[in-house]
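What follows is a set of notes on a single structure, which appears directly below.
Chains as they are written, first to last, in the working numbering: chain E, 23 to 182; chain Y, 66 to 824.
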C-alpha cells in the first residue's frame, strides 16, 4: 500500500514525512524523523513516556497515527528548550534531582509543561492527577511533583 | 552515632548530574534509541502454553517469506553442561540459561521463547512468526508454590537434582537452605507468649519503564559488538560468550543509558539471540521487547508462602524465631531463598533462630533479581508478626523493635557479627519524628516496620585520567541507574581538589575499562566509588612525583593539598605550590600522561537498615487504601549526593507500596498471564501517593573512605509490613496475603464484620 505523504509543523519547523497506515506518530518521530527523545514504554497509552503535544493537546504519541498528523502542529521534548536555554521545568528537574534513570523524563516534562500552560498555580493534588498518566518507577514521584510545583511558583513570581 | 564530620567541598552537596542535560532534552540514548546502517530487525516467537513438550518446529514457511533473513531455534544454540559456575556474586547454570533464552525439549511458561526471526522490517519479522509451525503436547502445569511442592504436582524437570534436599522421586524443590543460631526449643520454653502465623506474597515485576533492547553486530571475522540496556555490560559479555561459544576477546559490549532495572536487567534475554541472528545474516540486528513480552518473559521476583513462629517474654524480649519460607523460582531454580532467610529477622538481636527456605520451580518466567531480592518477602512475614507480638504484649511497636535491636557486636542468625550499624538510630529517629505522634482520624491507622539488606562490594575497576588542561575524566564500568556518575565525579573532585564540573565521568564499554561486576547489590557508589577514590589517589601520587621531579626533591617531600602539590615542610624547600593544571600542562616534559588506575575486589560493604512509618485511611465501602503519610528512615552511611540518596529511599518505598497494595502476576486456569500490561498490572501512579519523607541517618561505614553504605535496596524491604500493620491499626483486620487490593481487603473486612456480628 502506498505510504501517506504528511506535511506538518514539528517543534516550530515545517516537516514532511512518508508513513505507512499502521505507523504511529511515535514510530514516525523515532524511526522516520530520528527523534528518539519520545520513548516507547508500553505502546498502549498506559505509561506516558511518549507524551507529545498535537495542536496544543497532550497526547500519547503511541495512540496517534502518523497519517492523522497532516497539517498538525507537533511539539516533542526535542523542541522544549529554546536553543541552548533550557525550559524552566528542565532546569528545575536537574536542580531538584527529579529524575533517576530518565526514561520517563521527556514525557513527564512535556506533560508538566502542558499543565503549567493551563494552570500556573496548581495544587499538589492537581499536579498528581495531571501526571497520573506518566509512570515513573524510580522516583516515587516526590521530587517530580516538587519540581513542577516549584517551577510554577517561579513562573508566577517572574510574571509579576 | 555520626562520626567526625569533615569539611568536604563536594561530598554531601547536591550537584547537577553530569548526564542530566541529555536526559531532560531527549538527547540521551537508551537501549532502543540506538541504530546502525544496514540494520535489520528481530522478533521472538513465544510459547502460548504454560507447560508443553515441543514435538516439532517447522520454520520453512517463515524462511520463505520475502524479507526474512534468518530463523533460529534452540537447535542453533549448543547445549550447555548442567553445572553451577561462578558468575559475579552468585552461581549460574548455563544449561538452564540456554533453555531460558530459547526453549529446548519443553516450554516451561507462557511467554517462553521458542524461535526468533530476523527480517528487513519489524512487520515482516512479525508476519514470519505467524508462519512458524510449532507442534506442542500440552502438559499439566503448576504456577502456585505450595501446589508445586506437593507429591502429585506436575514436574517441570524430572532430571533436576535438588540441593540440600532428600527426595525419593522427581520434585520441583530445587534447593533447601537452613540458618540456625542457638536453640529455638529452649528459646520458646523461655517465652511467655508464642505466636504462629502464615503469610503469602505474589510475584511482582520490577516494572522498569524501558523494555529490554539490543543491537548486535557481528562482522565476518567473528568480532561482535553489542549495544544494549543492561545493568552489566561485562555480564552480557560473559553470558553471550558462553552461550554462543565465543571467546571473550571477540565480544565488545557497550551499555546504553538504562531506563530502570531494579535487578531485572542483570540477566540476558535478547542479547544472545540478536548476536546469533547477526552472525548468521552478517548485518546488525536490533531487537526490542514489547511491554507484553517484558511481563511474560522477563523478571519478575518470587511470590512465596511463609510460616512464622515467634516467642517473647512479657517484657518484650524476643527469645526465639522459627520460619519457613517457600519461594517460587519460575521455570528454573534460583529463587532468592537464601537472602530471604538471612534477612528475615536480621534487624534483631535474637539468641535462638531457625529459618529454612525452599527454592521451588513452577511454570512461570524464571525470576530475576528485584531490589533486595527475597528480603521484602520474608520481611513482610517477620515485620507483621513482630507487630502482632507488640499488640499481644500491649507494647509500642517501635519500642519492641528498639528493645530487640541488633547493634554493634550482635551476632546475626545468618552468620556475621555486626560492626557499626545504625539500626537502633533509625528506630529512635522514627520514634522522635512528628509523624509518629500525629493524630489519626476515623478509619485511619499507622504502621511501622523495619528492614535489612546486606549490600555488597565486588569487582570494580576505575581510571582517572588527568587531561592536558587540568580537568579529569573518570572511567568506570557500571551502568548508572540513578545518579551514580554524579557521586563518582564528586568523590574524584574531592580527592583531586578540583571543581566538580571539571570532572567528566563516563561509563566504559567492556574494552575500555577493566572488569566490573554489574550494577546491583547497592554496590556502585560504595565499591566502584572506592575504586574511583583509589584511582584518584593514584593520580595524585603521580602528580606529587611530577612536582618532586620539577623541584628536584624526593617524592615523599611533596603533599597534595586542595588541588596543589606543596612541599611537605619547610625542610623540603621553599617552593610555590603547583596546581593540578600546572602539573598537567608540564606532564609531557615530566614523564608523559598522568593516568590513575585502580582495580580490586572490594570488601567491607556496610549493611543497611531502615525503619518506615506509614499512615493509611481505609474506605470501608470499597476496601480501597489511601496512603496518607509516609516516612522512611534509613542508615545511609554517608550520603555523597543527598538528593539521589533520598530518591533511592523514596523510589524504593513506593515500589514497596505498589507491592503491598496492587501489584501481582495473575495467572488464569490455563497458566497463562492475564495481566501483561501496565493497565492491569498496576504500578503506583502519582495520584496514588503522598510525598515520601526520606530521613537519612548517617552512621558511616568505616571501610569506605567517605563512609558510604549501599542505599538502593533496603528501602523496599519494610513497606509491605508497614502498610499491613497500618491497615490492621485502622480496621483491626490483619492482612496475611499480598496484595492488599480493594477486593481482597473488602472481603477480609466483610468476613470480619460477619464474625463480629455472630459473636
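Positions of the beta carbon are idealized from the N, C-alpha and C atoms, including for glycine.
Per the Cβ contact rule, the stretch 766-780 of chain Y is in contact with the stretch 716-724 of chain Y (3 or more Cβ pairs under 8 Å). The DSSP-derived three-state label of residue 807 of chain Y is helix. Between the C-alpha atoms of residue 736 of chain Y and residue 112 of chain Y there is a straight-line separation of about 11 Å. In this chain, residue 632 of chain Y is not harboured by any alpha helix (DSSP H); it is covered by the beta strand (DSSP E) spanning 629-632.
If you check each beta-carbon in the stretch 690-716 of chain Y against every beta-carbon of chain E, the ones closer than 7 Å belong to 708, 709, 712, 715, 716. Here residue 143 of chain E is exposed, its C-beta having fewer than 16 other C-beta atoms within 10 Å. With a cut-off of 8 Å on Cβ pairs, the stretch 136-155 of chain E is not in contact with the stretch 85-92 of chain E, counting fewer than three such pairs. The Cβ-Cβ distance between residue 523 of chain Y and residue 663 of chain Y does not fall below 9 Å.
For residue 572 of chain Y, the enclosing beta strand (DSSP E) begins and ends at 568-572. When the Cα atoms are used, residue 274 of chain Y and residue 94 of chain Y turn out to be separated by approximately 15 Å. Using a 10 angstroms sphere on the CB of residue 819 of chain Y, the tally of other CB atoms stays under 16, which defines it as exposed. Around the CB of residue 366 of chain Y, 16 or more other CB atoms lie within 10 Å, so the residue is classed as buried. Using a Cβ-Cβ distance cut-off of 8 Å, the stretch 803-821 of chain Y and the stretch 730-745 of chain Y are not in contact, since fewer than three pairs of beta carbons, one from each stretch, lie closer than that value. For residue 161 of chain E, the chain Y residues whose C-beta falls within less than 7 Å of its own C-beta are 712, 715, 716, listed in chain order.
Counting along the chain, the unbroken alpha helix (DSSP H) around residue 165 of chain Y starts and ends at 159-166. With respect to the 9 Å criterion, residue 648 of chain Y and residue 608 of chain Y are classified as neighbours on the basis of their beta carbons. Inclusion of residue 656 of chain Y and residue 637 of chain Y in the CB contact set at 9 Å is not warranted, their separation being larger than that value. Given a length threshold of 4 residues, each whole run of the alpha helix (DSSP H) inside the stretch 35-122 of chain E is given here in chain order: 110-117.
Residue 729 of chain Y sits in coil when the DSSP states are folded into three classes, being neither helix nor strand. The Cβ-Cβ distance between residue 375 of chain Y and residue 259 of chain Y falls below 9 Å. Buried is the label assigned to residue 119 of chain Y, since at least 16 other Cβ atoms lie within 10 Å of its Cβ.
Non-local C-beta neighbours of residue 131 of chain E in its own chain, meaning closer than 7 Å and more than five positions away in sequence, comprise 99, 102, 111, 112, 115, ordered along the chain.
Positions of the alpha helix (DSSP H) runs, each at least 4 residues long and wholly inside the stretch 83-121 of chain Y, are given as 85-90 in order along the chain. When only Cα atoms are considered, residue 808 of chain Y and residue 730 of chain Y end up about 16 Å apart. Of all alpha-carbon atoms in Y:513, Y:467, Y:391, Y:489, the one lying nearest the alpha-carbon of residue 212 of chain Y is that of Y:391.
Ranked by how close their Cα comes to the Cα of residue 76 of chain E, the residues E:175, E:30, E:123, E:128 have E:30 in first place. The residues 137, 141, in chain order, have a CB closer than 8 Å to that of residue 148 of chain E in the same chain once the five nearest residues on each side in sequence are set aside.
Neighbours of residue 356 of chain Y in chain E, taken as residues at a C-beta separation under 9 Å, are given in chain order as 62, 63, 64, 65, 66, 68, 69. Inclusion of residue 769 of chain Y and residue 80 of chain Y in the CB contact set at 9 Å is not warranted, their separation being larger than that value.
Not one beta carbon of chain E lies nearer than 9 Å to the beta carbon of residue 314 of chain Y. Partner residues in the beta bridge of residue 350 of chain Y, as assigned by DSSP, are Y:105, Y:281. Within 10 angstroms of the beta-carbon of residue 200 of chain Y lie fewer than 16 other beta-carbons, which makes it exposed. Checking the DSSP bridge columns, you'll see residue 663 of chain Y partnered with Y:527.
Taken in chain order, the members of the stretch 85-101 of chain E whose beta-carbon sits within less than 8 Å of a beta-carbon on chain Y are 98, 99, 100.
Residues of chain E whose Cβ lies closer than 9 Å to the Cβ of residue 257 of chain Y do not exist; the shortest such Cβ separation is about 40 Å. The Cβ of residue 35 of chain E sits no closer than 9 Å to any Cβ of chain Y.
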